[in-house]
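Protein chains: 2
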Amino acid sequence: MGALVRGAFLVNAVYAESAREYGITSQQGQLLCVLMAQPRGMSELGAMLGLAKSSLTGLVDRTERNGLVQREPDPQDMRAVRVALTAEGRGLVDEFYAETCRRVERLSSGLSPAERDALGGLLGRVVLDNEVPAVFLEPGEGAAREH
Amino acid sequence: MGALVRGAFLVNAVYAESAREYGITSQQGQLLCVLMAQPRGMSELGAMLGLAKSSLTGLVDRTERNGLVQREPDPQDMRAVRVALTAEGRGLVDEFYAETCRRVERLSSGLSPAERDALGGLLGRVVLDNEVPAVFLEPGEGAAREH
DNA sequence: CGGCGTTAGTTCGTCGCGCGAACTAAGAGG
DNA sequence: CCTCTTAGTTCGCGCGACGAACTAACGCCG
Chain A
127 MGALVRGAFL VNAVYAESAR EYGITSQQGQ LLCVLMAQPR GMSELGAMLG
177 LAKSSLTGLV DRTERNGLVQ REPDPQDMRA VRVALTAEGR GLVDEFYAET
227 CRRVERLSSG LSPAERDALG GLLGRVVLDN EVPAVFLEPG EGAAREH
Chain B
127 MGALVRGAFL VNAVYAESAR EYGITSQQGQ LLCVLMAQPR GMSELGAMLG
177 LAKSSLTGLV DRTERNGLVQ REPDPQDMRA VRVALTAEGR GLVDEFYAET
227 CRRVERLSSG LSPAERDALG GLLGRVVLDN EVPAVFLEPG EGAAREH
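Residue numbers (the numbering used here), protein chains in the order written: chain A, 127 to 273; chain B, 127 to 273.
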């Protein structure tokens, strides 16, 4: 039990520190990671990140102010907005994502490849079993299954 | 990799939700958990939780306002303070801790006992391997944290 | 003893984050 | 049309984290 909780805090600390070094907060990091695949509407982002829409406005505001994302009008719906990475945001998130993966991977460097596979498999099942409520995608999303 | 990060977010979400239901924030929950074993000084808490001392003042202020901890003068050192659980705080943290463990345990209910042991063992080793910097205790004991 | 650097905590101002409630504006549907 | 719903924003609140500046007690060295 303790190991699960402690592991969570450990990974979180690594994630947060990595973000800090790239000049963003971990929330902004998550936003950028979600946008890696494609632009999204505000409501959609709120659902994916588990945030109220009013929280989203502020998060996107700050990230936009940093030049990493931009709001684009949705041609299909005049009141909707598509949030997309800027060129700068794309460059940053690519690096941030890779670097964070590297660091998390490094956490398990004390394990043999077989052990690492076992850990990934078990954890993957735990995540899948509990993904019932809100799917909250992290760095990858698509990179979920295997590598 | 993804599994590690997603697992971390999952456990975190469970922890935060449990805290919320007990009327505290997850930071206050961590503070209370650290104080379960014994009272601590402010600086000591700062080191354990990885917070600047000015952050600690506020956190203890708010938790004290909620009646869960209290500042006691340190008989040995007139400028120091010992932060201790109140009776109310003790009751709450005992329940919060048990309930949170229960919930985290429930996350792995899809695993066989043997698999759960394996997961715990692997994760335990990962945590131990990375406990280099500051130990910051969670519900139970220690976890790691950077810088 | 007296002076002085160290350590423990607090205060202050700033920023990020998350929320609900109230609001505007644009689709959708009878 | 007129209404209902949906998409987002605004506003005000409180929590959380930080660094810089400050106060007060400690301790040491001469």
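Even for Gly, the Cβ is constructed at its ideal location relative to N, Cα and C.
Within a 10 Å sphere around the beta-carbon of B/Met127 sit 16 or more other beta-carbons, which makes this residue buried. By the neighbour-count criterion, in which 16 or more other beta carbons inside 10 Å mark a residue as buried, B/Thr183 falls on the exposed side.
Within the stretch 158–209 of chain B, the complete beta strand (DSSP E) runs of at least 3 residues fall at 195–200. Taking the beta carbon of B/Asp255 as reference, the chain A residues within 9 Å of it are Leu233, Ser234, Ser235, Gly236 and Leu237, listed in sequence order. Look at A/Leu237 here: in three-state DSSP terms it is coil, with no helix or strand label. A/Phe135 and A/Gly217 have their C-alpha atoms some 28 Å from each other.
With respect to A/Met168, A/Lys179 sits close: the two C-beta atoms are nearer than 9 Å. Contact with chain B is found for A/Met127, since one of that chain's Cβ atoms lies less than 9 Å from the residue's Cβ. Non-local beta-carbon contacts of A/Ala210 in its own chain, meaning distances under 7 Å to residues more than five positions away in sequence, involve Leu161, Pro165, Val195, Gln196 and Glu198 in chain order. Chain-ordered, the chain B residues with CB closer than 8 Å to the CB of A/Ala244 read Ala244 and Leu248.
Remark: C-beta atoms of B/Leu254 and A/Leu249 do not approach each other more closely than 9 Å. Of all residues in the stretch 148–172 of chain A, none is placed with a Cβ closer than 8 Å to any Cβ belonging to chain B. For B/Leu211, the pairing in a beta bridge is given by DSSP as B/Val195. Counting only the Cα atoms, B/Ser234 lies some 21 Å from B/Glu221. Think of a sphere of 8 Å around the beta carbon of B/Tyr141: the chain A residues whose beta carbon falls inside it are Val131 and Ala134, in chain order.
Under the Cβ distance rule, B/Thr189 does not count among the residues neighbouring chain A, no pair being separated by less than 9 Å. A/Glu214 does not reach chain B, its nearest Cβ partner there being about 24 Å away, counting only Cβ pairs nearer than 9 Å. DSSP, reduced to helix, strand and coil, places A/Gly250 within a helical segment of the structure shown.
Rounded to whole angstroms, the separation of the alpha carbons of A/Thr189 and B/Glu190 is 35 Å. Approximately 11 Å separates the beta-carbon atoms of A/Leu175 and A/Gln154; this is outside 8 Å, ruling out the contact. Residue-level contact check: A/Glu241 touches chain B, since one or more beta carbons of chain B fall below 9 Å from its beta carbon. One Cα belongs to B/Glu241, the other to A/Ala224, and the distance between them is close to 30 Å. The beta-carbon of A/Arg251 is placed less than 9 Å from the nearest beta-carbon of chain B.
Taking C-beta separations shorter than 8 Å and ignoring five residues to either side along the sequence, the partners of A/Glu214 in its chain run Gly193 and Leu194, following chain order. B/Arg146 sits exposed, since fewer than 16 C-beta atoms from the chains shown fall within 10 Å of its C-beta.
In the displayed model, B/Glu231 falls within a helix according to three-state DSSP.
The alpha-carbon of A/Thr151 is positioned some 33 Å away from that of B/Ala206.
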